[in-house]
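Every number in our numbering is 157 more than the matching position in the sequence shown, counting from 1.
Notes follow once the structure below has been shown.
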Amino acid sequence: MKGKPVSRVMLLLVICVSVVVMFAPVRAEAAKKISGSVGKGGKTKVTGIFPEIGEINLTMLNWGFAADDPGSARAGVVLEDIEVEKEVDRTSVPLVQACAGGRSFPEVVIVWNTGTGDEPSYLELRLYSVKVTSYSVNGSGLDDGSIPTETLSLNFDKITWSFAELRGGASGEISFVCDEDNVCEVTP
Numbered sequence: 158m159k160g161k162p163v164s165r166v167m168l169l170l171v172i173c174v175s176v177v178v179m180f181a182p183v184r185a186e187a188a189k190k191i192s193g194s195v196g197k198g199g200k201t202k203v204t205g206i207f208p209e210i211g212e213i214n215l216t217m218l219n220w221g222f223a224a225d226d227p228g229s230a231r232a233g234v235v236l237e238d239i240e241v242e243k244e245v246d247r248t249s250v251p252l253v254q255a256c257a258g259g260r261s262f263p264e265v266v267i268v269w270n271t272g273t274g275d276e277p278s279y280l281e282l283r284l285y286s287v288k289v290t291s292y293s294v295n296g297s298g299l300d301d302g303s304i305p306t307e308t309l310s311l312n313f314d315k316i317t318w319s320f321a322e323l324r325g326g327a328s329g330e331i332s333f334v335c336d337e338d339n340v341c342e343v344t345p
């Protein structure tokens, strides 16, 4: 059974929540990780480009979307590319190659967790048919020994955004799905 289409009020609520999540301070112990498709047996790994690497730590993520016709009650949405930042590391060259070659990843998962003990996840973005559409290196203060960072844009056909209350267990979960036709639904 399909969920109901997202109303403007629900869409506004989701946008507001996403803005709060995007601009929430990142604690040193919190980890943002991006990884490739989920393999059998529950292992997470990037397939095809750098299979030996399971996770890439992110230092920044920026993403948003907007109604394509704000005056319409049945407006679709325009999904922006997700922009992520990470330190330059051994994944840098394969990521540049993926961008330059137009390589597509079937599934990419971005997970926020608390960084404590068993590291429960509280937010997950699951992207499908993902391409790296832009790449840039950012370097400032390099004379002090700091590591340059790189910014990547990720384009996708479909996204599932799941949030779980850290203390609420399964009853606190909510999902938001947008498909390639920019049809979005919320499922409690």
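Just so you know, even glycine gets a beta-carbon here, dropped at the ideal spot from N, CA and C.
Just so we're clear, the structure is a prediction, and the values are computed from it rather than from any experiment.
- Here residue 253 carries a helix assignment [DSSP, helix/strand/coil].
- The count of Cβ pairs closer than 8 Å, one atom from the region 251–267 and one from the region 277–287, reaches three, so the stretches are in contact.
- Burial state of residue 316 is buried, judged by a 10 Å Cβ sphere holding 16 or more other Cβ atoms.
- The region 230–247 and the region 304–322 touch, with no fewer than 3 CB-CB distances between them shorter than 8 Å.
- Under the DSSP definition of a beta bridge, residue 247 lacks any partner.
- Under the DSSP definition of a beta bridge, residue 295 partners with 306.
- Straight across, the Cα-Cα distance linking residue 342 with residue 226 is about 17 Å.
- The bridge partners DSSP lists for residue 332 are 319 and 344.
- For residue 332, the closest of 216, 249, 269 and 320 by C-alpha to C-alpha distance is 320.
- Counting every other CB atom within 10 Å of its CB across the protein chains shown gives residue 294 a total below 16, marking it as exposed.
- In chain order, 235 place their CB closer than 6 Å to the CB of residue 223, counting only its own chain and leaving out the 5 sequence neighbours on each side.
- Note on geometry: alpha-carbon atoms of residue 247 and residue 254 lie some 13 Å from one another.
- Pairing residue 239 with residue 269 gives a Cβ-Cβ distance that is not under 7 Å.
- Here residue 256 is near residue 292, since their CB atoms are less than 7 Å apart.
- Using a Cβ distance threshold of 7 Å, residue 330 and residue 314 do not count as a contacting pair.
- A distance of 7 Å or more separates the beta carbons of residue 312 and residue 233.
- Take residue 237, set aside five residues on each side of it, and the residues of its chain with a beta-carbon closer than 7 Å to its own are 220, 221 and 222, in chain order.
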